[in-house]
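First the structure, in the form of structure tokens, and then the observations on it.
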Amino acid sequence: LQDSAYSAQERNVGSVLAASTSKPKLVSEIPPKQNNNDTIGGRSHEELSSDVEALQTKVDFLTQKLERERELNTSLKSELVQLKDKLQDEVNKQESLTMTQNSRFEQTISAILEMLKAIHSCGSEASMEKVMQTA
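For the sequence shown, the UniProt record's numbering assigns the number 1 to the initial residue and increments by one for each residue that follows.
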């Protein structure tokens, strides 16, 4: 709802700016200053005031938009830090699990090697009981 209100405000500001500003004039195009004090560079006080109001409205709108974006940026940074921390925790858990699995695998391989050494040292006619005693 707020975004649509700002969009409507932005459209209004754009139309006010479009209506109140004209193509910039070259110095040679500016008519000579008249004797009355009602114009500056060929533009009336009312025209200039209207331009200033339109520009101030645009500045106000852009300032509000900048503040909203700063707040959003701060919020996103905070969320990113939290996600990074969660990811690091998950990586640590996975590394710990992998180390445990590797340790178990190494223990199993060592036991198998010991069994093979025992079989080899007992000879081909050895009983399983003798192999287990040797291992």
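In this text, a Cβ means the ideal position worked out from N, Cα and C, and glycines have one as well.
With respect to 6 Å, is the separation between the Cβ of T57 and the closest non-hydrogen atom of the ligand ATP below this value?
What this structure holds is no ligand at all, so the ligand ATP is not there to describe.
By DSSP's criteria, I40 is part of a beta bridge. Which residues make up the other side?
Taking the first residue of the sequence shown as 1, we reach residue 40 at position 40. Within the DSSP secondary-structure output, I40 pairs in a beta bridge with R43.
By Cβ distance, which residues of its chain are closer than 7 Å to E71, with the 5 residues on each side in sequence left out?
To locate residue 71, count along the sequence shown from 1; it is residue 71. Closer than 7 Å at the Cβ level, and outside the excluded window around E71, lies no residue.
Roughly how many angstroms separate the alpha carbons of T74 and L80, rounded to a whole number?
On the sequence shown, residue 74 is found 74 positions in, with the first residue counted as 1. On the sequence shown, residue 80 is found 80 positions in, with the first residue counted as 1. Their backbone Cα atoms lie some 10 Å apart in a straight line.
Buried versus exposed, by CB contacts within 10 Å (16 or more), A111:
Along the sequence shown, read from residue 1 onward, the residue named residue 111 stands at position 111. Per the 10 Å Cβ criterion, exposed.
Going straight from the alpha carbon of L97 to that of Q82, what length do you get?
Stepping through the sequence shown from its first residue, residue 97 is reached at position 97. Stepping through the sequence shown from its first residue, residue 82 is reached at position 82. Looking at the two C-alpha atoms, the distance is approximately 23 Å.
Length of the line joining the Cα atoms of K93 and C122
Counted from its first residue, the sequence shown places residue 93 at position 93. Counted from its first residue, the sequence shown places residue 122 at position 122. Going from the Cα of K93 to the Cα of C122 covers about 44 Å.
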